[in-house]
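Under this note's numbering, think of the first position of the sequence shown as 5, with each following residue one higher. What follows is one structure encoded as structure tokens, with my remarks underneath.
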Amino acid sequence: MSTLTLAEELLLLVYNDEGTAELSNPALSHGLGGSVLLDLTLAGRVDVADKKVTVTDPAPTGEPLLDDALRRIGEAKKPRSPKHWVNRLGNGLDERVLDRLVDSGILRRERDKVLWVFPRTRYPAPHGVQPPVETDLRQRLAAAVTGDGPVEPRLAALCGLLRAVGLDKKVFRDLPRDRVKERLTRIAEGDWASAATKRAIEEAQAAMMVAISTATTVAATSSS
């Protein structure tokens, strides 16, 4: 498999060694939608201007997940906000991304029943050990957070993505929390992308946090 998309990297970090997710909806769905926007931004295909997502280059990226999102954004009747696309693009995307990871042999799909009654699907590694691509990804993330030097754009964007959905607490659970928070802030403020790209990425990350917060508030209100 070629370089993973941010959505695929996110799901690798979401699923633990037992094959169960450590992040639930709405955070997971919004995180996946946001990751697609981040990838398209880094690829120079979309931009955020006046709080709206616009297509700046309709040329296909060669990644079906990204090209489908690019087409949907381009075919919209009017420009929409990052929050709109975080919601729309993330809806049901986890199954498509998991299918890709299974088809590529990075994860496997296991179906069983809890207490012989309740169906369950898990996504552990094929050989019971962490996939090499995930090990490499976690090592690069740890190096970015524990180091002081510059961070390449995609990794910096992924750090922001983890922070936006709250997964940083799990990915960096073995590192000092204060150090992680400080370093993630410095990475976000760093000069790792052009001003336009960084602005668009910040808009997408902010949209994820707003969408997650809104959905969580609605859920809490409905259950009370």
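For every residue, glycine included, the Cβ atom is placed at its ideal position computed from N, Cα and C. Predicted model, so just to flag it, every value in this text is computed and none were measured.
Query, Result
"Looking only at its chain, what residues have a beta carbon closer than 6 angstroms to the beta carbon of Ala168, apart from the 5 residues adjacent to it on each side?", "Gln209, Met212, Met213"
"Leaving out five residues before and five after Lys315 in sequence, what residues of the same chain have Cβ atoms less than 7 angstroms from its Cβ?", "Because residue 315 is not part of the residues shown, which for the chain are 5 to 228, the question remains open."
"State the DSSP-derived secondary structure class of Pro64, mapped to helix, strand or coil.", "coil"
"Can you name the start and end residues of the alpha helix (DSSP H) that Thr125 belongs to?", "Note, Thr125: premise wrong, no alpha helix (DSSP H); beta strand (DSSP E) at 122–126."
"Please say whether Leu44 and Leu74 have beta carbons closer to each other than 7 angstroms?", "yes"
"What residues in its chain sit with their C-beta under 8 angstroms from that of Leu159, if we drop five residues either side in the sequence?", "Arg144, Leu145, Ala148"
"For the region 25–34 against the region 85–98, do three or more pairs of beta-carbon atoms, one drawn from each stretch, fall closer than 8 angstroms, so that the two count as touching?", "yes"
"DSSP state of Val169, grouped into three classes?", "helix"
"Mapping the DSSP letters down to three states, classify Glu114 as helix, strand or coil.", "strand"
"Express the C-alpha separation of Leu102 and Glu114 in angstroms, rounding to a whole number.", "12 angstroms"
"When you compare only the Cα positions, how much space is there between Ser198 and Ser217?", "29 angstroms"
"Hey, out of Ser39, Lys202, Thr65, Arg187, whose CA is closest to Gly151's CA?", "Arg187"
"Does the Cβ-Cβ distance between Ile191 and Leu42 come in under 7 angstroms?", "no"
"Comparing the C-beta of Asn20 with each C-beta of chain C, is any distance below 7 angstroms?", "No chain C appears in the structure shown, which is made up of a single protein chain."
"Please classify Arg49: is it buried, with 16 or more other beta-carbons within 10 angstroms of its beta-carbon, or exposed?", "buried"
"Provide the residue(s) that pair with Arg100 in DSSP beta bridges, ordered along the chain.", "Per DSSP, none; premise fails for Arg100."
"Please report the residue range of the beta strand (DSSP E) in which Lys56 lies.", "56–59"
"Assign Thr24 to buried or exposed, taking buried as 16 or more other Cβ atoms, counted over all protein chains shown, within 10 Å of its Cβ.", "exposed"
"Return the residue from the list Leu111, Thr7, Asp140, Glu26 that minimises the CA-CA distance to Gly132.", "Leu111"
"If you run the structure through DSSP and keep just helix, strand and coil, what is Asp51?", "strand"
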